[in-house]
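**Q** One structure follows; several queries about it will come next.
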């Protein structure tokens with residue numbers, strides 16, 4: 006049987022994390038290892054994890070928040086370098102159904118029997134109200150006579166895709182070995198799009214209809230600076246703008262790249278006309294950053310000393326131990342500094 010490592014990225018959502026962990030540990034096909042990457046939470050997540058009794062659970066704490074992109078990079082890297090066969094990646098607001106992982110693995114077996122090469126497998130995500138969310142983009146790859154090949158998998162309840170999110174994505178070790186890691190310096194919003202476009206240039210990912218997950222807090226629809234009113238999230242939209250332009254430049258036509266530049270330049274002017282100067286400044290920052298944003302990619306076996314955060318592992322002590330060393334934290338866990346894990350690109354503007 007293949008070795009499966011689930012990785013959950015979390016930041017200041019301990020109750021969601023608790024629910025996600027419970028769902029991962031309730032899978033009909035158990036994971037062999039579960040890794041939590043804590044992106045420097047300060048809401049009691051660490052204390053909650055210290056008292057969590059879950060077999061095979063590994064907790065890695067980052068010294069400061071390096072964004073979802075950095076967190077996913079660290080999660081994939083740590084899991085890959087632990088020797089796993091598949092990495093099942095998700096955020097802390099994902100609640101997989103009990104057979105979600107089993108259905109992904111069954112789909113992998115079927116695809117292999119049919120000699121259908123694939124870069125990853127993806128669960129179908131729904132909101133609490135039952136709406137489909139995080140819809141991936143259908144693969145544009147063609148068959149031997151020049152037609153798009155996506156209907157070939159419909160009879161199996163699957164669809165070949167290219168652009169996708171890290172909402173319950175099962176990535177084989179071979180994909181990481183060939184294509185490397187997500188780009189840490191993207192910080193947030195777009196690292197999953199860039200990565201899935203990168204790995205599906207010559208073979209598709211596959212959406213599995215029978216593998217279902219609940220994506221909490223998605224009722225407001227897609228992310229947009231037009232409707233964003235949360236000051237903490239609003240400032241992050243410059244990353245989204247820069248990343249959108251970077252992705253268009255790297256993975257789309259030159260016309261699409263120019264269209265992306267035009268879209269955000271027009272948005273900047275609209276905000277100025279409406280006297281929304283804060284939003285205009287954020288759009289301007291994203292546009293300016295995109296001019297010199299050319300991040301490189303890292304191999305999956307890159308030594309874990311290239312992120313801008315110190316990584317500490319919470320190590321559970323043997324239950325039979327009668328004494329605790331001074332370095333032991335509450336709940337029978339101890340902190341160990343693992344490594345310093347710096348993105349290849351440093352942004353001009355602070356996150």
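Numbering (the numbering used here), first residue to last: 6 to 356. C-beta atoms are modelled at their ideal positions from N, C-alpha and C, and glycine is treated no differently.
Does residue 193 come out as helix, strand or coil in the three-state DSSP assignment?
**A** Within the chain shown, numbered from 1, the residue matching residue 193 stands at position 188. DSSP places residue 193 in coil when its eight states are reduced to three.
**Q** Taking buried to mean at least 16 other C-beta atoms within 10 Å of its own C-beta, is residue 325 buried or exposed?
**A** Here residue 325 refers to the residue found at position 320 when the chain shown is read from its first residue. The predicted position of residue 325 is uncertain, since its pLDDT is 37 and thus under 50; a value taken from the coordinates is nonetheless stated next. Looking at its Cβ environment, which holds fewer than 16 other Cβ atoms inside 10 Å, residue 325 is exposed.
**Q** Within the continuous alpha helix (DSSP H) that includes residue 6, where are the two ends?
**A** Position 1 of the chain shown, counted from the first residue, corresponds to residue 6. Where residue 6 is concerned, there is no enclosing alpha helix (DSSP H), given that its DSSP letter is neither H nor E.
**Q** At 3 residues or longer, and completely inside the stretch 17-52: list those beta strand (DSSP E) runs for me, N to C.
**A** Taking only runs of at least 3 residues, the beta strand (DSSP E) segments lying wholly in the stretch 17-52 are 38-43.
**Q** Considering only residues of the same chain and omitting the five flanking positions on each side of residue 182, which have a CB-CB separation below 7 Å?
**A** Numbered from 1 along the chain shown, position 177 holds the residue referred to as residue 182. Closer than 7 Å at Cβ, skipping near neighbours: 305.
**Q** Going by other Cβ atoms of all chains shown within 10 Å of its Cβ, with 16 needed for buried, is residue 220 buried or exposed?
**A** Position 215 of the chain shown, counted from the first residue, corresponds to residue 220. So residue 220 counts as buried.
**Q** If you compare alpha carbons, which of 74, 88, 39 and 98 is closest to residue 359?
**A** It is not possible to answer for residue 359, since the shown part of the chain is limited to 6 through 356.
**Q** Counting pairs of Cβ atoms below 8 Å between the stretch 290-299 and the stretch 245-253, do you hit three or more?
**A** Yes: the two stretches touch, three or more of their Cβ pairs being nearer than 8 Å.
**Q** Using 7 Å as the threshold, is the C-beta distance between residue 127 and residue 185 below it?
**A** Along the chain shown, one-based indexing puts residue 127 at 122. Along the chain shown, one-based indexing puts residue 185 at 180. Not closer than 7 Å, so no.
**Q** Sort 222, 217, 177 and 214 by Cα distance to residue 201 and report the nearest one.
**A** If you number the chain shown from 1, residue 201 lands on position 196. The option with the nearest alpha carbon to residue 201 is 177.
**Q** Just reading off the beta strand (DSSP E) that residue 62 is part of, what are its end residues?
**A** Here residue 62 corresponds to residue number 57 of the chain shown, with the count starting at 1. Unbroken beta strand (DSSP E) run through residue 62: 62-67.
**Q** Taking the beta carbon of residue 258 as the centre, do at least 16 other beta carbons fall within 10 Å, making it buried, or is it exposed?
**A** On the chain shown, position 253 is the one that residue 258 refers to. The residue in question, residue 258, is exposed, as its Cβ has fewer than 16 Cβ neighbours within 10 Å.
**Q** Do you know how far the Cα of residue 245 is from the Cα of residue 153?
**A** Residue mapping note: residue 153 aligns to position 148 of the chain shown, counting from 1. Residue mapping note: residue 245 aligns to position 240 of the chain shown, counting from 1. Taking the straight line from one Cα to the other gives about 30 Å.
**Q** Hey, would you say residue 217 sits closer than 7 Å to residue 320, going by beta carbons?
**A** Position 212 of the chain shown, counting from 1, holds the residue named residue 217. Position 315 of the chain shown, counting from 1, holds the residue named residue 320. No.
**Q** Evaluate residue 150 with the Cβ neighbour count: other Cβ atoms within 10 Å of its Cβ, from every protein chain shown; 16 or more gives buried, anything less gives exposed.
**A** Here residue 150 refers to the residue found at position 145 of the chain shown. Residue 150 should be labelled exposed.
**Q** Secondary structure at residue 355, three-state DSSP: helix, strand or coil?
**A** Residue mapping note: residue 355 aligns to position 350 of the chain shown, counting from 1. At residue 355, the pLDDT of 30 sits below 50, so the modelled position is not reliable; the number obtained from the coordinates is stated separately. The answer is coil: DSSP assigns residue 355 none of H, G, I, E or B.
**Q** Within 8 Å, do at least three Cβ pairs link the stretch 10-17 to the stretch 66-85?
**A** With a cut-off of 8 Å, the stretch 10-17 and the stretch 66-85 count as touching, because enough Cβ pairs lie within range.
**Q** Buried or exposed: which applies to residue 359, given that a residue is buried once 16 or more other Cβ atoms fall within 10 Å of its Cβ?
**A** A query on residue 359 cannot be resolved here, the shown segment of the chain reaching from 6 to 356 and no further.
**Q** Entirely within the stretch 92-133 and at least 4 residues each: give me those alpha helix (DSSP H) ranges in chain order.
**A** Taking only runs of at least 4 residues, the alpha helix (DSSP H) segments lying wholly in the stretch 92-133 are 105-118.
**Q** Hey, would you say residue 163 sits closer than 7 Å to residue 213, going by beta carbons?
**A** Start at 1 with the first residue of the chain shown, and residue 163 comes out as number 158. Start at 1 with the first residue of the chain shown, and residue 213 comes out as number 208. Result yes, Cβ atoms of residue 163 and residue 213 sit closer than 7 Å.
**Q** Nearest to residue 125 by CA position, among 262, 206 and 239, is which residue?
**A** Position 120 of the chain shown, counted from the start, is the residue given in the question as residue 125. Minimum Cα distance to residue 125 is reached at 206.
**Q** Hey, how far is the Cα of residue 180 from the Cα of residue 52?
**A** Residue numbering aside, residue 180 sits at position 175 when the chain shown is read from its first letter. Residue numbering aside, residue 52 sits at position 47 when the chain shown is read from its first letter. Taking the straight line joining both Cα atoms gives about 35 Å.
**Q** Please identify the residue among 273, 148, 311 and 254 whose C-alpha is closest to the C-alpha of residue 297.
**A** Counting from 1 along the chain shown, the entry for residue 297 is found at position 292. Looking at the Cα atoms, 254 is the closest of the given residues.
**Q** Since residue 216 is in the beta strand (DSSP E), which residue starts that stretch and which ends it?
**A** Mapped onto the chain shown, residue 216 falls at position 211. Element bounds for residue 216: 210-220.
**Q** Excluding five sequence neighbours on each side, which residues of the same chain lie with their C-beta closer than 7 Å to the C-beta of residue 33?
**A** Along the chain shown, read from residue 1 onward, the residue named residue 33 stands at position 28. For residue 33, where only same-chain residues beyond five positions count, the Cβ hits under 7 Å are 103, 104 and 107.
**Q** Consult DSSP for residue 303 and reduce its assignment to one of helix, strand or coil.
**A** In the chain shown, counting from the first residue as 1, residue 303 sits at position 298. Coil.
**Q** Kindly indicate the opening and closing residues of the alpha helix (DSSP H) around residue 159.
**A** Position 154 of the chain shown, counted from the first residue, corresponds to residue 159. It is not in any alpha helix (DSSP H) - residue 159 carries neither H nor E in the DSSP assignment.
**Q** Whole angstroms is fine: what's the gap from residue 331's alpha carbon to residue 187's?
**A** For the purposes of this step, residue 331 is identified with residue 326 of the chain shown, where counting begins at 1. For the purposes of this step, residue 187 is identified with residue 182 of the chain shown, where counting begins at 1. Caution applies to residue 331, whose pLDDT of 33 falls short of 50 and renders its modelled position unreliable; the value that the coordinates give is listed next. So the alpha carbons of these two residues sit roughly 37 Å apart.
**Q** Residue 288 by DSSP, collapsed to three states: which one?
**A** Residue numbering aside, residue 288 sits at position 283 when the chain shown is read from its first letter. The answer is helix: DSSP assigns residue 288 an H, G or I state.
**Q** Can you tell me where the alpha helix (DSSP H) with residue 150 in it begins and where it stops?
**A** Within the chain shown, numbered from 1, the residue matching residue 150 stands at position 145. Residue 150 -> no alpha helix (DSSP H), and no H or E assigned at all.
**Q** Alpha carbon to alpha carbon, how far is residue 135 from residue 144?
**A** Here residue 135 refers to the residue found at position 130 when the chain shown is read from its first residue. Here residue 144 refers to the residue found at position 139 when the chain shown is read from its first residue. Between residue 135 and residue 144, the C-alpha separation is close to 25 Å.
**Q** Whose C-beta lies closer than 6 Å to the C-beta of residue 98 among residues of the same chain, with five residues either side of it excluded?
**A** Within the chain shown, numbered from 1, the residue matching residue 98 stands at position 93. Correct list, in chain order: 21, 221 and 222.
**Q** Are the C-beta atoms of residue 161 and some chain B residue less than 7 Å apart?
**A** Absent here is chain B; the protein component of the structure consists of one chain.
**Q** Return the chain-ordered list of same chain residues with a C-beta closer than 6 Å to the C-beta of residue 262, the five sequence neighbours on each side being excluded.
**A** As a first step, residue 262 must be located in the chain shown, where it is residue number 257. 253 and 254.
**Q** Quick one: what does DSSP say residue 188 is sitting in, helix, strand or coil?
**A** By 1-based counting over the chain shown, the position of residue 188 is 183. In the structure shown, residue 188 sits in coil (DSSP, three-state: anything other than H, G, I, E or B).
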